[in-house]
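Read through the structure below, which is laid out as structure tokens, and then see the notes.
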Amino acid sequence: MNPKISDFGLARCVAGNEMGAKTRHVVGTHGYMSPEYAIDGIFSVKSDVFSFGILLLEIAWKLYKEDRSLDIIDEQLADSCHISQVLRSIQVGLLCVQQCPDDRPNMSFCGYDVG
0 MNPKISDFGL
10 ARCVAGNEMG
20 AKTRHVVGTH
30 GYMSPEYAID
40 GIFSVKSDVF
50 SFGILLLEIA
60 WKLYKEDRSL
70 DIIDEQLADS
80 CHISQVLRSI
90 QVGLLCVQQC
100 PDDRPNMSFC
110 GYDVG
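Those letters in the sequence shown? Residues 0 to 114, by numbering that gives the first Met the number 0.
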């Protein structure tokens with residue numbers, strides 16, 4: 000599998016070697032916002048990790064509800080993809096949506112582990 004999604008936007012607001020920042024002007028789609036950003040306006044690169052996890056889980060859940068779970072695998076990849084990789088993608092999604100930002104993986108882990 001080759002993940003193609005990147006940059007949910009908050010990470011680019013963090014300058015240089017800073018690890019995060021705080022804002023009073025919270026914008027975005029609430030369902031994709033990390034709890035610390037939605038509630039306190041605190042964001043970091045881990046906020047983007049949270050959003051990525053929500054996206055992964057949303058795709059998997061929609062297909063599951065429609066009884067099309069295996070459709071998460073692109074037809075062109077079906078022969079070369081193992082169900083264990085699909086399940087691992089869901090596990091990565093669950094890691095990404097941990098309540099505490101420190102418990103979330105970094106994006107390089109997500110890309111490597113989903114890929």
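Using N, Cα and C, we set each Cβ at its ideal position, and we do this for glycine too.
Residue i burial status per 10 Å Cβ neighbour count (16 or more: buried)
{"i": "residue 64", "result": "exposed"}
{"i": "residue 47", "result": "buried"}
{"i": "residue 83", "result": "exposed"}
{"i": "residue 57", "result": "exposed"}
Helix, strand or coil at residue i according to DSSP, with G and I counted as helix
{"i": "residue 50", "result": "helix"}
{"i": "residue 109", "result": "helix"}
{"i": "residue 91", "result": "helix"}
{"i": "residue 85", "result": "helix"}
{"i": "residue 100", "result": "helix"}
{"i": "residue 3", "result": "The pLDDT assigned to residue 3 is 47, lower than 50, so where the model puts this residue is not dependable, and the model offers no usable value."}
{"i": "residue 27", "result": "coil"}
Range covered by the beta strand (DSSP E) that runs through residue i
{"i": "residue 43", "result": "41–43"}
Nearest residue (CA-CA) to residue i, options the options
{"i": "residue 109", "options": "28, 45, 34, 36", "result": "45"}
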